[in-house]
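Here's the structure, in structure tokens; my notes come after.
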Amino acid sequence: LFLLPYKETPRLEQVIEYVLYMLWDLGLKVGHATRSIDDCIRLSKEDLTIRTSILEARYLWGDKKLFNELRRRFEKEISAASGPEFVEAKLVEREERHRRMGDSRYVLEPNIKDGKGGLRDLQTLFWIAKDLYRVDEVDDLVQHGVLTKSEARRFGRAQNFLWSVRCHLHYIAGRGEDRLTFDQQPRIGELLGYRDHAGATGVERFMKHYYLIAKEVGDLTRIFCAALESEHRRRPRFALPKFSIFHRAPEGFRIDGGRLRLASGTRFTDEPVKILRLFHEAQARDLDIHPRPLRTITREMRLVDGLRDDPEANRLFMEMLTSPNDPETTLRRLNEAGVFGRFIPDFGRVVAQMQHDMYHVYTVDEHTIFAIGILHGIENGKFAEEMPTASEVINNIQSRRVLYYATLMHDIAKGRGGDHSALGAEVAERLGPRLGLSAEETETAAWLVRQHLVMSNTAFRRDINDPKTITDFTEIVQSLERLRLLLVLTVADIRAVGPNVWNGWKAALLRDLYKATEDELTGGHAAGSRDRRVEAAQEAFRAAALTAPDGIFTTGEVDAQIALGYPAYWLGADTDTHLFHARMMRDAARNYDSLKIETRIDEFRDVTELTLYAQDHPGLISRFAGAMAVSGANIVDARIFTMTNGMALDTFSVQDPNGNAFRQPEQLDRLAKRIRATLSGELRPARELAKKIESQANSRTRV
Numbered sequence: 009l010f011l012l013p014y015k016e017t018p019r020l021e022q023v024i025e026y027v028l029y030m031l032w033d034l035g036l037k038v039g040h041a042t043r044s045i046d047d048c049i050r051l052s053k054e055d056l057t058i059r060t061s062i063l064e065a066r067y068l069w070g071d072k073k074l075f076n077e078l079r080r081r082f083e084k085e086i087s088a089a090s091g092p093e094f095v096e097a098k099l100v101e102r103e104e105r106h107r108r109m110g111d112s113r114y115v116l117e118p119n120i121k122d123g124k125g126g127l128r129d130l131q132t133l134f135w136i137a138k139d140l141y142r143v144d145e146v147d148d149l150v151q152h153g154v155l156t157k158s159e160a161r162r163f164g165r166a167q168n169f170l171w172s173v174r175c176h177l178h179y180i181a182g183r184g185e186d187r188l189t190f191d192q193q194p195r196i197g198e199l200l201g202y203r204d205h206a207g208a209t210g211v212e213r214f215m216k217h218y219y220l221i222a223k224e225v226g227d228l229t230r231i232f233c234a235a236l237e238s239e240h241r242r243r244p245r246f247a248l249p250k251f252s253i254f255h256r257a258p259e260g261f262r263i264d265g266g267r268l269r270l271a272s273g274t275r276f277t278d279e280p281v282k283i284l285r286l287f288h289e290a291q292a293r294d295l296d297i298h299p300r301p302l303r304t305i306t307r308e309m310r311l312v313d314g315l316r317d318d319p320e321a322n323r324l325f326m327e328m329l330t331s332p333n334d335p336e337t338t339l340r341r342l343n344e345a346g347v348f349g350r351f352i353p354d355f356g357r358v359v360a361q362m363q364h365d366m367y368h369v370y371t372v373d374e375h376t377i378f379a380i381g382i383l384h385g386i387e388n389g390k391f392a393e394e395m396p397t398a399s400e401v402i403n404n405i406q407s408r409r410v411l412y413y414a415t416l417m418h419d420i421a422k423g424r425g426g427d428h429s430a431l432g433a434e435v436a437e438r439l440g441p442r443l444g445l446s447a448e449e450t451e452t453a454a455w456l457v458r459q460h461l462v463m464s465n466t467a468f469r470r471d472i473n474d475p476k477t478i479t480d481f482t483e484i485v486q487s488l489e490r491l492r493l494l495l496v497l498t499v500a501d502i503r504a505v506g507p508n509v510w511n512g513w514k515a516a517l518l519r520d521l522y523k524a525t526e527d528e529l530t531g532g533h534a535a536g537s538r539d540r541r542v543e544a545a546q547e548a549f550r551a552a553a554l555t556a557p558d559g560i561f562t563t564g565e566v567d568a569q570i571a572l573g574y575p576a577y578w579l580g581a582d583t584d585t586h587l588f589h590a591r592m593m594r595d596a597a598r599n600y601d602s603l604k605i606e607t608r609i610d611e612f613r614d615v616t617e618l619t620l621y622a623q624d625h626p627g628l629i630s631r632f633a634g635a636m637a638v639s640g641a642n643i644v645d646a647r648i649f650t651m652t653n654g655m656a657l658d659t660f661s662v663q664d665p666n667g668n669a670f671r672q673p674e675q676l677d678r679l680a681k682r683i684r685a686t687l688s689g690e691l692r693p694a695r696e697l698a699k700k701i702e703s704q705a706n707s708r709t710r711v
């Protein structure tokens with residue numbers, strides 16, 4: 009800012025041009041404005057950004073009296089006249105920025121400047137403080153009673169860390185870049201001195217430190233907002249919950265503007281269990297929590313240590329975890345306040361713990377809380393269409409407490425090195441009795457934690473049409489109750505990993521594994537029953553084919569079709585699919601077609617089924633995979649059958665790069681043409697893929 013006493017003169021214009029050209033010649037990017045004091049005051053009333061920049065103005069060179077006059081008039085005509093409005097506007101601006109950047113501190117690629125818990129949040133707090141208290145440094149807020157000395161030091165450490173990361177990010181990127189991208193995180197972590205240690209890589213330790221700093225910024229925000237509301241009587245920032253005026257405050261608490269806080273004269277130091285009761289009562293009565301007690305909890309966090317062995321505190325925690333009233337929000341409040349990890353130190357070890365891969369979007373603590381929210385949604389029927397099997401099964405589970413507790417524990421040992429499932433089971437065994445679980449409940453929960461990956465691994469990596477797969481899995485599960493618990497936990501875990509991880513294909517595989525195992529446990533797959541199931545599948549096909557509306561199958565044709573399939577074929581598909589295959593194979597035979605390709609859309613799994621009927625030969629599957637790679641299609645499932653006549657009947661489930669089925673006729677036609685061209689040798693996938701990679705590399709180079 010070039011500050012002028014009155015309007016600009018030719019002489020002043022020359023000085024300003026000289027300074028700007030000198031800075032530009034040095035390669036600096038300079039935002040600038042030339043204004044009089046009157047201009048500054050007028051524009052500050054009209055524009056929040058200009059008001060903020062003048063609020064933070066620092067004297068560099070020139071007429072010091074002129075600068076002081078600007079500050080005097082600004083404080084008198086702007087700050088004193090509209091301080092509360094400025095505070096409100098800056099907090100609204102912050103909320104809008106959070107929504108725009110993703111309203112979470114734990115995103116995979118955080119924005120260091122504008123993200124939640126980033127530099128702009130700290131700057132917003134300081135701007136508000138500067139406007140209200142006329143301070144020049146954060147330490148000055150200690151004298152005003154807004155922050156303690158310890159909190160002021162935390163503010164400084166957080167600011168220094170974020171500035172350091174941002175400077176390294178700009179240096180590595182060679183430009184003004186504020187998004188801490190996945191590929192830059194390892195390099196910056198290395199430059200800042202983070203090394204592999206105790207089951208965590210250097211980049212994971214670096215990002216955990218970042219997320220903890222972002223969380224600390226949230227703590228400081230709560231402390232600051234509590235001081236604002238207390239000393240400046242700001243109106244509540246959130247709308248009153250519906251019917252909150254009819255709430256009667258529980259003993260030891262009062263309701264202030266729809267938010268729960270301690271009653272006058274009540275202190276956490278006199279009765280520490282009220283820390284957990286605050287969250288418990290807010291959940292039960294659907295109330296928000298006043299920032300004042302949250303600030304007190306932050307400052308008296310040591311009180312939580314004494315609650316770990318308190319039966320009442322543990323009872324309250326389990327009731328919050330298993331409450332039918334939105335446990336996800338309550339657990340997130342506990343975590344944001346720092347109480348969760350302090351009350352259960354094993355959980356505290358995974359707070360802000362990330363895994364450096366593109367699969368796990370959330371930190372371990374966020375994933376766990378989200379999984380509990382998904383579990384609650386399954387129980388309430390929220391996901392009946394998306395997760396039908398789990399939504400049905402959960403109604404037959406005998407112990408909700410075991411399921412919710414196991415979900416809380418399932419990833420609690422991540423980052424320790426070794427098998428986190430086995431280590432987590434040990435934690436579950438140790439904590440269960442403390443939280444009030446019986447010996448039987450604790451044993452079942454520990455088993456669930458130990459085996460929480462086995463169902464997805466079996467469904468997604470083994471052939472569930474193979475009887476041995478079902479037998480092996482049944483030996484692990486051993487009971488219907490454990491099967492039901494494991495299914496629901498598996499579904500909630502996968503769904504909470506991140507966007508687009510859960511899909512219809514996974515739902516179908518888990519459903520099929522569940523049904524097959526249920527049959528095995530209830531005697532449906534007993535020894536000797538396989539032949540009966542094959543016969544039942546063949547008879548179901550016979551009845552469907554002979555009674556089909558088009559009436560195109562004769563008895564002889566049906567018998568011939570049945571003779572073409574081995575037992576694995578009849579057990580590997582349903583009757584509608586068998587009928588679909590029969591029509592396809594008969595048409596191929598009548599038309600002497602050596603390669604028959606048919607497509608179907610499976611809406612539930614959101615996949616396109618491509619079925620090939622061709623002479624079986626080595627390389628058939630690999631060539632098909634090459635055709636899909638050239639087409640940009642992902643193969644998510646495959647059912648491979650060889651018929652008794654030596655023909656291959658293979659069905660591949662494919663999706664586009666966005667995880668959706670190919671639906672447009674031109675897309676399906678293009679896929680079929682590429683398959684034919686590849687199998688005939690006309691198209692060579694390896695050569696086409698090499699060209700595509702080279703073209704993409706050249707495109708990036710030009711940019």
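For the sequence shown, position 302 matches number 310 in the numbering used here, and the numbering has no gaps at all.
Every residue, glycine too, gets a C-beta built ideally from N, C-alpha and C.
>> DSSP has Asn119 in a bridge; who is on the other side?
In response: Arg187
> With a CB to CB cut of under 8 Å and the five nearest residues on each side skipped, what residues in its chain are close to Asp139?
Replying inline: Leu63, Ser87, Gly91, Phe94, Val95
> Should Glu224 be labelled buried (16 or more other beta-carbon atoms within 10 Å of its own) or exposed?
Replying inline: buried
>> Give me the DSSP bridge partner(s) of Asp610.
In response: Val615
>> Measuring only the C-alpha atoms, how far is Leu324 from Leu155?
In response: 31 Å
> Among Arg408, Thr415, Thr607, which residue has its Cα nearest to the Cα of Glu374?
Replying inline: Thr415
>> Any contact between the region 595 to 609 and the region 642 to 651? By contact I mean 3 or more CB pairs, one from each, below 8 Å.
In response: no
> Near Arg174, what residues of its chain come up, given a Cβ to Cβ distance below 6 Å and the 5 sequence neighbours on each side ignored?
Replying inline: Ile120
> How is Arg113 classed by DSSP in three states: helix, strand or coil?
Replying inline: coil
>> Tell me the rounded alpha-carbon separation between Arg357 and Glu434.
In response: 15 Å
>> Suppose contacts are defined by Cβ-Cβ distances below 7 Å. Is Arg695 in contact with Ala635 by that definition?
In response: no
> Do you know whose CA, among Leu445, Gln569, Met362, Pro575, lies nearest Ala590's CA?
Replying inline: Gln569
> Between Tyr202, Pro335, Ile478, Lys15, which lies nearest to Tyr413 when the distance is taken from Cα to Cα?
Replying inline: Pro335
> Terminal residues of the continuous beta strand (DSSP E) containing Ile386?
Replying inline: Unbroken run through Ile386 is the alpha helix (DSSP H), 372 to 387; no beta strand (DSSP E).
> Is the region 471 to 490 touching the region 385 to 401 in the sense that three or more CB pairs, one from each, lie closer than 8 Å?
Replying inline: no
>> Taking the straight line between their C-alpha atoms, what separation do you get for Thr17 and Lys73?
In response: 19 Å
>> Taking 7 Å as the limit between beta carbons, can you name the residues of its chain near Phe351, skipping five residues before and five after?
In response: Val312, Leu315, Arg316, Phe325
>> Applying the 10 Å Cβ sphere with the 16-neighbour rule, what's the burial state of Ala41?
In response: exposed
> When we look at the beta-carbon of His288 and count the other beta-carbons within 10 Å, is it buried (16 or more) or exposed?
Replying inline: buried
>> Here's a check: name, in chain order, each residue in its chain whose Cβ is nearer than 7 Å to the Cβ of Ala504, leaving out the five neighbours to either side.
In response: His375, Phe378, Ala379, Ile382
> Touch check for the region 624 to 633 and the region 554 to 573: three-plus C-beta pairs under 8 Å?
Replying inline: no
>> Just to confirm the assignment: which complete alpha helix (DSSP H) runs, minimum length 4, are found wholly within the region 297 to 328?
In response: 299 to 307
> Residues in its own chain within less than 7 Å of Pro301 by CB, not counting five upstream and five downstream?
Replying inline: Arg269, Leu270, Leu286
> Rounded to whole angstroms, how far is the Cβ of Ala360 from the Cβ of Leu220, which I believe are closer than 8 Å?
Replying inline: 5 Å
>> Between Leu529 and Leu488, how many whole angstroms is the CB-CB distance? I'm expecting something under 8 Å.
In response: 6 Å
> Taking the alpha carbon of His368 as the point to measure from, which residue in Pro441, His384, Asn508 has its own alpha carbon closest?
Replying inline: Asn508
> Hey, out of Thr619, Glu543, Arg469, whose CA is closest to Arg684's CA?
Replying inline: Thr619
> For Ser399, does the count of other Cβ atoms within 10 angstroms reach 16, so buried, or fall short, so exposed?
Replying inline: buried
>> Helix, strand or coil for Ala705? Go by DSSP, reduced to three states.
In response: Summary for Ala705: the model assigns pLDDT 48, below 50, so the residue's position carries little reliability; its value from the coordinates is reported in the next sentence. Here Ala705 sits in helix by DSSP.
> Nearest CA to the CA of His460: which residue from Glu448, Glu198, Ser331, Leu411?
Replying inline: Leu411
>> For Ile402, which residues in the same chain have their Cβ closer than 6 Å to its Cβ, ignoring the five residues on either side in sequence?
In response: Ile386, Glu387, Val496
> When the Cβ atoms of the region 70 to 84 are set against those of the region 41 to 55, are three or more pairs found closer than 8 Å?
Replying inline: yes
> Does DSSP put Ile712 in a helix, in a strand, or in coil?
Replying inline: What is shown of the chain runs 9 to 711, which leaves residue 712 out entirely.
> Taking the continuous alpha helix (DSSP H) assigned at Arg195, which residues delimit it?
Replying inline: 193 to 199
> Looking only at its own chain, which residues have a Cβ that is under 6 Å from the Cβ of Gly432, when we skip the five neighbours before and after it?
Replying inline: Met417, Ile420, Ala421, Val457
> Cα separation between Tyr29 and Ile58?
Replying inline: 24 Å
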